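Counting with the numbering used here, you get residues 1030 to 1248 for the letters of the sequence shown. For reference, the structure discussed in these notes is given below.
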Amino acid sequence: MKKDFSKVMDSLVQIKALLLQVAVYGSHGSRCVIILASDPPGLLDSLDELRKYCQKRDLAFPLLINRHFVESSLDSYPLEFLDIVSGKYQNLFCQEDLLQNLVFDKTDLRLQMEREIKGKWLLTRLSVLEQSPKPKVLAATLQLSIRAILPVLKGICYLADRPIPQETDQLIAQAEQVCQTELGLLNTWLQARTAVRQNIQSYLDILQALMLHIENLNT
């Protein structure tokens, strides 16, 4: 069984009449976005088959949004949409391609990037302070946080008018060039099975350096 969304349309029969676009994106099409014309009554009850599809293949649940959200949220959530369109999305279904001509305001993008990095700095530090310092737990905390900031690294590349690489190691390398900040350890930590508190402190230092870079951007 393929662990991807190639057969996901079979699980969307109950909401098919409202579908505008279903697209996969990211490395090897590992993520999915579903855009509806509008949310029907009882939407949550109509998604059982989709939930089973994702659980069976160990996939992240798709981003499920509607036309109004796309058209009204570019100022609030530009990073999420940049993450999709820079992931070279491919349509599995398309009545109307709402992602094709999205335009991002650089000021909105920078502000969300700043919020995301500061939020991850606060939450990562709090999480480690609350947890027992078990090496596997610390490694999982690091990896969860690093994956969450990858869209910010895409934003850094975008604001610098640089290409946005598809592969994580290349994305990190590109952001490192732009920021002039050593980010190579992010790759190491993403593969590590264990970590120590010094790794967390080093990661927090990287987040602070990214904060400073973003705060000083002219948009």
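Heads up, the beta-carbon is just placed ideally off N, CA and C, and yes, glycines get one too. Here the structure is a predicted model, which means the values were calculated and not measured.
- If you check the CB distance, GLN1141 and PRO1107 come in under 8 Å.
- Unbroken alpha helix (DSSP H) runs of no fewer than 4 residues, entirely contained in the region 1036 to 1101, are found at 1077 to 1086 and 1096 to 1101, following chain order.
- Just so you know, the alpha carbons of GLU1100 and VAL1132 end up roughly 11 Å apart.
- Of the other Cβ atoms in all chains shown, fewer than 16 fall within 10 Å of the Cβ of ASN1245; this residue is therefore exposed.
- Using a Cβ-Cβ distance cut-off of 8 Å, the region 1077 to 1095 and the region 1031 to 1051 are in contact, since at least three pairs of beta carbons, one from each stretch, lie closer than that value.
- Per DSSP, the beta bridge partners of ASN1120 are ALA1052.
- Taking C-alpha positions only, VAL1042 is separated from CYS1208 by approximately 46 Å.
- Here ALA1168 carries a helix assignment [DSSP, helix/strand/coil].
- One thing to note: GLN1050 has its Cβ no nearer than 8 Å to the Cβ of GLU1109.
- With a minimum length of 4 residues, the unbroken runs of alpha helix (DSSP H) contained wholly in the region 1203 to 1229 fall at 1214 to 1220.
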